[in-house]
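Have a look at the structure below, then the notes.
Residue numbers (my numbering): 729 to 1100.
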């Protein structure tokens, strides 16, 4: 092979090599043309579906025949069909009850506030429900806005709201009015497509608030023990603890050094002598002291004081109210105090304020209510 041929062969080899390398590199380069750094892109926001609203509740299927007893024992409200007790609270200044219908995204709330400020007209109510008060009562919602406020024909005040809880939009109305020494408010929350149903619920609940006459004028801040099977009830300070209670069975409520037992017995008492004998036989070591005949809301019975030596040898003093029921059983509330030697029927309420608990004991054979 001469020199010219060798040179030509080398050139052809170089050209083929360049072509082969180019065929590999050029596609890689062209694939990058027009591309942007992926880290410089702003991602599109994630699209969430709009929250769906439940259909408005069927007004024709709602009644207020079922009654709800507030934990204070002071009042009942008509509970709309489909709503159930959610929470309730009681303190010296406010009673509150909430009913819930999760399917309808609806809450009904009743608040009764003591009128400590002596408000006497709608203008005073308007100032009472200021931004601070409203903000505190809407704390469970993501956002709230007052949309309108007006005085009502009966001297109350009506306030409308838009609400948000998470991504759910709701509406609410509150109506408030003066009632004796109290300020009563009814508030209803519904989905924003249920404005007419909201008005129906608010009016129905407002018209069914009833005070229990047997506890008229009784203090706020006490709870009630109500046994719907034995049909008796009793109020006690809210810081006392119900340690044992089932419908139809004895209940025990305790506080510091105090034990309250509520029970029924298959006996009736017809005289003070029978009451004394029954008390002495209630428990070994009991000595009845004073016996007084009483009548409470038409139920005849007896108050009995007693003393008892405990298992540790200490003295306990107690007082009982025992009422003859129409069910031919004896309904008894028995309150005793540890480390005390006193005739509690000879004592005064100033000496032992907790004796007022026995004054609240009532038979309730016709009270058909739901409790939380």
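Positions of the beta carbon are idealized from the N, C-alpha and C atoms, including for glycine.
Check	Outcome
Cβ-based burial, residue 964 [other Cβ within 10 Å; buried from 16]	buried
Every unbroken beta strand (DSSP E) within the region 879-931, with a cutoff of 3 residues, ordered by chain	885-893, 896-907 and 910-919
Reference residue 857, options 898, 915, 1030 and 813, closest by Cα	915
Cβ-based neighbour list, residue 988, same chain, cut-off 6 Å, excluding 5 preceding and 5 following	981 and 1063
Buried or exposed (CB count within 10 angstroms, at least 16 for buried), residue 766	Low local confidence applies: a pLDDT of 46 at residue 766 is under 50, so the model's placement there is unreliable, with the coordinate-based value given in what follows. Exposed, by the Cβ-count rule.
Sub-8 Å separation of residue 792 and residue 937 beta-carbons	no
Residue 927 versus residue 864: straight-line alpha-carbon distance, rounded	23 Å
Touch test, the region 1078-1094 against the region 1017-1037, Cβ-Cβ under 8 Å, three pairs minimum	yes
Beta-carbon proximity list for residue 845, same chain, < 6 Å, skipping 5 on both sides	none
Continuous beta strand (DSSP E) assignments of at least 3 residues falling wholly in the region 775-838	794-797, 803-807, 812-818 and 822-829
Assigned secondary structure, residue 1000 (DSSP; H/G/I helix, E/B strand, else coil)	helix
CB contact flag (residue 820, residue 949, <8 Å)	yes
Straight-line gap, residue 993 to residue 902 (C-alpha atoms, nearest Å)	47 Å
C-alpha distance - residue 1021 paired with residue 1051, whole-angstrom precision	10 Å
Segments assigned alpha helix (DSSP H), at least 4 residues, entirely inside the region 942-984	none
Residues near residue 972 in its chain [Cβ-Cβ closer than 7 Å; skip 5 each side]	979 and 980
Environment of residue 797 [buried if 16+ CB atoms lie within 10 Å]	buried
Exposed unless 16 or more other CB atoms sit within 10 angstroms - verdict on residue 1044	buried
Member of 847, 908 and 814 whose CA lies at the smallest distance from the CA of residue 838	814
Counted within 10 angstroms of its Cβ, other Cβ atoms place residue 954 as buried (16 or more) or exposed	buried
Cβ-based burial, residue 801 [other Cβ within 10 Å; buried from 16]	buried
Within the region 1017-1052, ranges of the beta strand (DSSP E) (whole runs, at least 3 residues)	1027-1037 and 1043-1052
Residue 1093 (DSSP reduced to helix, strand or coil)	coil
Option in 877, 878, 872 and 907 with minimal Cα separation from residue 890	872
Pairwise C-alpha distance: residue 886 and residue 876	8 Å
Proximal residues to residue 968 (C-beta, below 7 Å), its chain only, five neighbours per side dropped	981, 982 and 983
Residue 833 versus residue 934: straight-line alpha-carbon distance, rounded	20 Å
Limits of the unbroken alpha helix (DSSP H) element including residue 1068	First-last for residue 1068: undefined, no H or E at that position.
Status (buried if at least 16 other CB within 10 Å, exposed otherwise) for residue 1011	exposed
Whole-number beta carbon distance between residue 781 and residue 1098, since they are thought to touch under 8 Å	With 8 Å as the limit, residue 1098 and residue 781 do not qualify as a contact, their Cβ atoms being about 28 Å apart.
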